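Working notes, beginning with the structure itself.
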Amino acid sequence: MGTVEQTRTKRPFFYGWIIVGLAFLSTGVWAAMRTTFSVFFVALLEEFRWSRAGGAGVQSLAFIVYTFTAPAVGALIDRFGPRRVILPGIVLLSAGLCLSSHIQSLAQFYVFYGLIVALGVTFVSIVAYSAILARWFERRRGTASGIAASGMGLVTFVLVPLTQYVIDVSGWRTAFLVLGVLVFLLLFPASAVFLCHKPQDMNLLPDGAAPVSGQEKGLRIIDEGWAKTDWTLARASREGRFWALLAFSFLVIIPVYMLVIHAARFLVDCGFSRMTAAMMIALVGVVSSGFRIFWGSLSDHVGREKTFTLGAWCLAAAALCLFMLSDARFPLPAYLFVLLFGAGWGATAPTFMSVSADLFQGRSFGLIYGVTEAVIGLGSAIGPWLAGFIFDWKESYRLAFLVAAGLSALSSGIVWLAAPRKVRSPGR
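Okay, structure coming up:
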């Protein structure tokens, strides 16, 4: 084995960007599973006539499963590395999607999708790749996180209309089968060949460059004692910043999934066609992809708090756009919703990943971020159910959209209490 420098000079680019590419695909599939639920939701409600709260509860159960399994996935990757964890998860996810094509009752939908698909998707989710990317990048952490998370939008843009097309042509059962096979082909071969846990396994260092004392080449160390701490979950849980991290993440994700799951149904109720509604949700994904890269890079330059605050207020404005929408003949609020929701949603994942890594680096980071994602999963579970409950109660989504706007605004204040800028801040 040569030295780190010798190894680096033989490589035309930093291998960490290949890991970012794998994360792009995997987090894209993970997000697409959550978003394509909205088009399956429309088709299944039309066939089985379930209540909206009952049908949306399947996605809520999926988020609860994610809540309990995310910390375990992070801890398993810390201990065994990603290959032994992620590859079996891909197989489980594909199998669950294929089983979902045989649904005959709401109970089966809860088991096949709410349990099996939910368990499998956790192993290819953002929690798995956050535990990996935090080891590969330091000075460009926000940028790498943003690019990786942008797959959530671009893959969604492909899979949501594709799913709707297959549903229209061959039915939702065929769509589940096609999705199961496609997920396996997209993820398993590339992950089996290219996945690597940390740069040291390839005789490299984070970012492909040697660290600089007291500075992470773009990040100034503000609190050196905090930055040098090898954080464990027990140690982090005694810090107020850890609870602020959980709180702002929890609050902002509730409105995200209130809108992701119910927006398509609301647009159809307003008079848009099912394909138009699906395309709008898909376009949200495209917009969010660009903004994930933009917000991630911006946060490397102006700080995580300022960046997230801008994104959270975009999310609040998006919810208010749906509040103002009543008829497809006057579609301007729907178009503004696509832009603003894409912008606001785009600020979430890069911020979650970067703030967590800025605050709590160490050998147990996978577990710590897994707990963060568990709380995010809990909020994601509450969101779809809450919007469905409000609709069943009021026979309208209007109050739900106001609640979504308020929670988004509240989260923008709490991120300042997590205060990653007081540990690491953009260099000058």
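Everything in the sequence shown is counted per our numbering, starting at 2 for the first residue and increasing by one. For each residue, glycine too, the CB sits at the ideal point set by N, CA and C. Remember, predicted model here, so these are calculated numbers, not experimental data.
Item	Value
Which residue's Cα is closest to the Cα of Glu306: Ser27, Thr352, Ala235 and Leu284?	Thr352
Which one or two residues does DSSP pair with Ser426 in a beta bridge?	Arg221
Rounding to the nearest angstrom, what Cα-Cα distance links Ala245 and Trp386 in this structure?	24 Å
Measuring CA to CA, which of Met34, Phe113, Ala382 and Val303 is closest to Val125?	Met34
At a cut of 8 Å, does the stretch 415-424 reach the stretch 235-254 through at least three beta carbon pairs?	yes
Do you know how far the Cα of Arg425 is from the Cα of Leu187?	36 Å
Is DSSP giving Phe49 helix, strand or coil here?	helix
Closest to Thr28 by C-alpha separation, out of Gly152, Trp314 and Glu225, would be which residue?	Gly152
Buried or exposed: where does Glu139 fall if 16 or more other Cβ atoms within 10 Å of its Cβ makes it buried?	buried
Do Gly312 and Gly291 count as a contact pair if the criterion is CB distance below 8 Å?	no
Can you list the alpha helix (DSSP H) stretches of 4 or more residues lying completely in the stretch 331-400, in chain order?	333-347, 349-360 and 366-395
Along the alpha helix (DSSP H) that carries Gln1, what are the first and last residues, could you check?	Missing from the structure shown is residue 1; the chain here goes from 2 to 429 and no further.
Report the rounded CA-to-CA distance for Ala350 versus Pro89, giving the unit in angstroms.	24 Å
Hey, would you say Ser381 sits closer than 8 Å to Leu252, going by beta carbons?	no
Just how far apart, CA to CA, sit Gly154 and Ala283?	8 Å
State the CB to CB distance for the pair Ser409 and Pro207, rounded to an integer number of angstroms; the pair is presumed to be in contact (CB under 8 Å).	Between Pro207 and Ser409 the Cβ distance is about 33 Å, and since that is not below 8 Å, they are no contact.
Find the nearest neighbour of Trp31 within the set Leu94, Ala76 and Arg53, judged by alpha-carbon distance.	Leu94
Which of helix, strand or coil does DSSP assign to Gly95?	In the sequence on display, residue 95 carries Ser and not Gly. The answer is helix: DSSP assigns Ser95 an H, G or I state.
Ordered along the chain, which non-local residues of its own chain (more than five positions away) have a Cβ less than 7 Å from that of Thr68?	Ala375, Gly378, Leu379 and Ala382
Identify whether Glu240 lies in helix, strand or coil by the three-state DSSP scheme.	coil
What residue from Ala401, Gly384 and Asp231 has the CA that sits closest to Ser61's CA?	Gly384
Distance check for Arg174 and Met259, CA to CA, integer angstroms please.	25 Å
Quick check: the Cα distance between Leu268 and Ala57, rounded to an integer number of angstroms?	16 Å
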